Amino acid sequence: TSAYSSPAKSLGDPGITPLSPSHIVKDSDADVAVEQIFHVVVAIDFGTTSSGYAYSFTKEPECIHVMRRWEGGDPGVSNQKTPTTILLTPERKFHSFGYAARDFYHDLDPNESKHWLYFEKFKMKLHTTGNLTMETDLTAANGKKVKALEIFAYALQFFKEQALKELSDQAGADFENSEVRWVITVPAIWKQPAKQFMRQAAYKAGMATPENPEQLIIALEPEAASIYCRKLRLHQMIDLSSRAPVNGYSPSDTVGTGFTQAKEHVRRNRQSRTFLVENVIGEIWSELEEGSDRYIVVDSGGGTVDMTVHQIRLPEGHLKELYKATGGPYGSLGVDYEFEKLLCKIFGEDFIDQFKIKRPAAWVDLMIAFESRKRAAAPDRTNPLNITLPFSFIDYYKKFRGHSVEHALRKSNVDFVKWSSQGMLRMSPDAMNALFKPTIDQIVQHLSDVFDKPEVTNVKFLFLVGGFAESPLLQQAVQSAFGSRCRVIIPQDVGLTILKGAVLFGLDPAVIKVRRSPLTYGVGVLNRFVEGKHPPEKLLVKDGTRWCTDVFDKFISADQSVALGETVTRSYTPAKPSQLVIVINIYSSEQDNVSFITESGVKKCGTLRLDLTGTDASVPNRREIKTLMQFGDTEIKAIAIDVATSKSVKVGIDFLNY
141 TSAYSSPAKS
151 LGDPGITPLS
161 PSHIVKDSDA
171 DVAVEQIFHV
181 VVAIDFGTTS
191 SGYAYSFTKE
201 PECIHVMRRW
211 EGGDPGVSNQ
221 KTPTTILLTP
231 ERKFHSFGYA
241 ARDFYHDLDP
251 NESKHWLYFE
261 KFKMKLHTTG
271 NLTMETDLTA
281 ANGKKVKALE
291 IFAYALQFFK
301 EQALKELSDQ
311 AGADFENSEV
321 RWVITVPAIW
331 KQPAKQFMRQ
341 AAYKAGMATP
351 ENPEQLIIAL
361 EPEAASIYCR
371 KLRLHQMIDL
381 SSRAPVNGYS
391 PSDTVGTGFT
401 QAKEHVRRNR
411 QSRTFLVENV
421 IGEIWSELEE
431 GSDRYIVVDS
441 GGGTVDMTVH
451 QIRLPEGHLK
461 ELYKATGGPY
471 GSLGVDYEFE
481 KLLCKIFGED
491 FIDQFKIKRP
501 AAWVDLMIAF
511 ESRKRAAAPD
521 RTNPLNITLP
531 FSFIDYYKKF
541 RGHSVEHALR
551 KSNVDFVKWS
561 SQGMLRMSPD
571 AMNALFKPTI
581 DQIVQHLSDV
591 FDKPEVTNVK
601 FLFLVGGFAE
611 SPLLQQAVQS
621 AFGSRCRVII
631 PQDVGLTILK
641 GAVLFGLDPA
651 VIKVRRSPLT
661 YGVGVLNRFV
671 EGKHPPEKLL
681 VKDGTRWCTD
691 VFDKFISADQ
701 SVALGETVTR
711 SYTPAKPSQL
721 VIVINIYSSE
731 QDNVSFITES
741 GVKKCGTLRL
751 DLTGTDASVP
761 NRREIKTLMQ
771 FGDTEIKAIA
781 IDVATSKSVK
791 VGIDFLNY
């Protein structure tokens with residue numbers, strides 16, 4: 141049995157039972173929300189490895205402004221985003237974020253730095269934690285624990301303050317939070333609790349309130365990318381499959397060079413941080429056959445890779461999701477992890493574990509050095525890649541083992557890694573490519589699985605977006621695996637694609653008209669017990685009536701397509717007519733066919749409590765309780781209405797507190 145004993149039996153509460161279908165009325169738009177007016181949309185791309193924000197004023201939606209340049213960038217990494225790193229003081233107060241956090245932490249004396257709390261790459265915790273709650277902890281570099289909600293709220297608050305400051309400077313007057321519509325992006329493959337966690341953190345950061353949830357939109361990363369890709373003009377993309385000139389260049393035969401030139405093209409316009417998005421659908425869409433052709437957006441970031449299959453409806457360019465978002469933890473962090481495994485192989489896992497704890501700032505340094513070399517990896521590279529080892533690594537290793545780093549490398553028999561006299565690890569290009577291989581193989585495998593799905597035929601384009609899409613190794617792997625099936629396209633400035641798309645989404649959230657439900661939703665009800673059909677252990681006899689308890693009455697199935705704002709309505713009646721407090725429990729499951737709420741994998745995710753005490757007694761003998769669930773948005777709402785008195789109660793689906 142599952143964790144839920146039979147709710148009907150345990151609560152001594154007679155529960156609800158479906159009214160015969162004849163009672164169900166098709167409801168025209170129940171309570172249309174009053175549209176608020178926001179002056180500006182600010183989108184935050186909160187990434188695993190780097191983050192940033194962009195904004196657009198609602199009166200000139202064709203201009204997207206990407207945040208000011210950050211101080212303290214890294215060599216080999218030109219970026220309008222900042223590392224997702226956060227530093228708290230020994231007293232656990234917020235100190236700094238991004239490059240500032242990293243540099244300050246790095247400059248602390250080692251005896252001092254072990255008291256400070258430094259966090260990086262913490263977003264993945266929301267993906268990997270099976271039972272996420274408001275109490276989930278994160279571990280700092282020094283091993284101390286802090287509530288994840290606090291860290292996420294600090295990070296969002298930092299972006300909120302930066303953005304408001306920049307907007308105020310631009311406007312020449314103080315900009316109020318109430319004038320801003322916020323958009324925060326999350327991976328589409330995150331489970332519902334993680335998406336809700338992000339919203340709670342944003343409330344804690346003061347971006348919006350539970351009373352005014354519309355001020356904050358949670359956008360799905362590949363959806364945002366897809367919205368931006370619709371607007372791409374030919375000169376703003378690199379078509380890996382074409383040998384024709386792209387961006388006015390004629391690329392040579394390797395993927396890599398076409399890409400460097402495109403980067404140059406961006407860098408020359410570096411000072412202008414405003415991107416113009418023309419109010420048209422890009423030219424490539426004219427090649428799609430209306431109604432049959434689809435495209436895939438593969439969003440490959442630091443932590444996760446997720447992909448979504450869309451169809452575009454011309455002329456207005458509305459999008460329809462054809463297959464539920466899929467993906468997994470195949471981001472570029474996988475490459476860092478392979479590098480760490482290589483270091484363990486050479487220097488011993490015991491040493492690496494100690495070094496990370498005892499010299500956390502030097503470990504961060506080493507990973508920064510690796511990052512810039514990782515970005516230099518390319519399929520056609522012939523010269524070795526040098527990675528500088530921090531002095532304290534060399535020094536601490538000698539103390540720890542009693543022999544030199546050079547000695548360790550000689551006896552480790554890892555062929556492709558040598559020691560160079562300038563104090564560097566020298567990796568052959570093959571060794572570097574081998575670090576990428578497991579991650580890239582997983583992405584290609586996952587994509588092949590998606591291509592094999594019956595819903596996923598006629599794919600015309602594959603858009604490769606996200607920070608990891610800048611890697612020529614990933615580009616080449618995707619092109620050689622799928623180039624014969626569809627055109628592989630990379631937007632210029634690919635690391636900012638999601639950010640720009642999230643701004644467009646905030647300006648017009650209704651652009652995605654049809655989505656797929658990630659879960660099956662329903663409510664727990666009592667049905668009349670039918671001998672031979674219902675299991676005998678579900679029998680409950682109340683006032684002479686035989687009920688079957690724990691029945692899952694389905695509203696919508698996993699992967700069913702739902703239009704934006706589509707509501708599903710069911711009518712129920714209290715099993716006991718005199719009942720005045722009516723409790724409707726909402727459940728979800730990843731499975732399609734669920735019969736009982738006690739089955740494994742069924743989770744409670746909401747309760748509608750309608751209290752009708754004190755209402756007029758002249759109620760019809762069968763009180764009708766209408767229950768509506770609204771789908772098709774990135775978040776789900778439920779309402780229960782007592783038809784006789786119009787009394788109603790509303791609830792957002794809650795995955796964290798049950």
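In case it helps, this note's numbering puts the sequence shown at residues 141 to 798. Ideal placement from N, C-alpha and C gives every residue a C-beta, glycine not left out. Please read these numbers as outputs of a predicted model, since none were measured by experiment.
Item                                                                                                                                                                                         : Value
If I measure Cβ to Cβ from I492 and keep anything under 6 Å in the same chain, skipping five residues before and after, which residues do I get?                                             : L483, C484
Helix, strand or coil for F470? Go by DSSP, reduced to three states.                                                                                                                         : Sequence inspection shows Tyr at residue 470; the Phe mentioned does not correspond to that position. Coil, per DSSP.
In this structure, how does DSSP classify D782 when only helix, strand and coil are distinguished?                                                                                           : strand
To the nearest angstrom, how far is it from the Cα of P519 to the Cα of S624?                                                                                                                : 19 Å
Only counting the same chain, and skipping five residues up and downstream in sequence, which positions put a Cβ closer than 8 Å to that of A621?                                            : V584, L587, S588
Does the distance from the C-beta atom of S711 to that of V783 stay below 9 Å?                                                                                                               : yes
Anyone know if the C-beta pair for R242 and I497 falls short of 9 Å?                                                                                                                         : no
Give the secondary structure of F795 by DSSP, where H, G and I count as helix, E and B as strand, and everything else as coil.                                                               : coil
Among Q770, L636, E730, Q632, which one has its Cα closest to the Cα of H375?                                                                                                                : Q632
Buried or exposed for I534, going by 16 or more other Cβ atoms inside 10 Å?                                                                                                                  : exposed
Quick one: using the 10 Å Cβ neighbour count with 16 as the cut-off for buried, is S426 buried or exposed?                                                                                   : exposed
Return helix, strand or coil for E301, following the three-state DSSP convention.                                                                                                            : helix
Report all residues from its chain with a CB closer than 6 Å to the CB of L679; omit the five preceding and five following residues, and keep chain order.                                   : F669
Check for me: the alpha helix (DSSP H) holding Q719 runs from which residue to which?                                                                                                        : Taken as a continuous stretch (DSSP letters only), Q719 belongs to no alpha helix (DSSP H), as it is neither H nor E.
What three-state label does DSSP hand D683 in the structure shown?                                                                                                                           : coil
Look at the Cβ atom of F695, then the Cβ atom of G664, and state whether they are nearer than 9 Å.                                                                                           : no
Our contact map puts P524 next to R566 with C-beta atoms below 8 Å; I'd like the distance itself, whole angstroms only.                                                                      : 5 Å
So, helix, strand or coil for N761, using DSSP?                                                                                                                                              : coil
Can you grab the Cα-Cα spacing for the pair S253 / L227, in whole Å?                                                                                                                         : 11 Å
For M769, does the three-state DSSP call read helix, strand or coil?                                                                                                                         : strand
Using CA coordinates, which residue listed in W503, P327, L613, K593 is at the minimum distance from K577?                                                                                   : L613
Closer than 7 Å by C-beta to H458: which residues in its own chain qualify, once you throw out the five before and the five after it? Chain order, please.                                   : V651, K653
Say whether the stretch 437 to 451 touches the stretch 463 to 483, bearing in mind that this needs 3 or more beta-carbon pairs closer than 8 Å, one atom from each stretch.                  : yes
Please confirm if the stretch 322 to 339 is in contact with the stretch 593 to 612, defined as three or more CB-CB distances below 8 Å between the two stretches.                            : no
Restricting to Cα atoms, I'd like to know which of Y193, T198, E200 is closest to M207.                                                                                                      : Y193
Which residues in the same chain have their Cβ closer than 7 Å to the Cβ of K284, if we skip the five residues on either side of it in sequence?                                             : L257
Using the Cα positions of S701 and R655, report the straight-line distance between them to the nearest angstrom.                                                                             : 6 Å
Roughly how many angstroms lie between the CA atoms of Y245 and T224, to the nearest whole one?                                                                                              : 14 Å
How should A813 be labelled, buried or exposed, when 16 other C-beta atoms within 10 angstroms of its C-beta is the threshold for buried?                                                    : Absent from the model: residue 813. The displayed extent of the chain is 141 to 798, so no value can be given.
Starting from the C-beta of G105, find all residues in its chain whose C-beta is less than 7 Å away, skip the five residues before and the five after it, and write them out in chain order. : Outside the displayed span of the chain (141 to 798) sits residue 105, for which this structure offers no information.
Exposed or buried, A148, counting other C-beta atoms within 10 Å across all chains shown (16 or more means buried)?                                                                          : Unreliable placement is indicated for A148, whose pLDDT of 44 sits below 50; no coordinate value is reported for it.
Pairing CB atoms from the stretch 435 to 442 with CB atoms from the stretch 363 to 370, are three or more of them under 8 Å?                                                                 : yes
Please report the residue range of the alpha helix (DSSP H) in which I497 lies.                                                                                                              : 489 to 498
Nearest-angstrom Cα distance between S196 and Y661?                                                                                                                                          : 36 Å
Taking only runs of the beta strand (DSSP E) that begin and end inside the stretch 244 to 296, which ones reach a length of at least 3 residues, in chain order?                             : 257 to 260, 277 to 279, 285 to 287
Once DSSP output is grouped into helix, strand and coil, what is the label at A402?                                                                                                          : Its pLDDT being 42, under 50, A402 is placed unreliably by the model, and the measurement read from it follows with that caveat. Three-state result, A402: helix.
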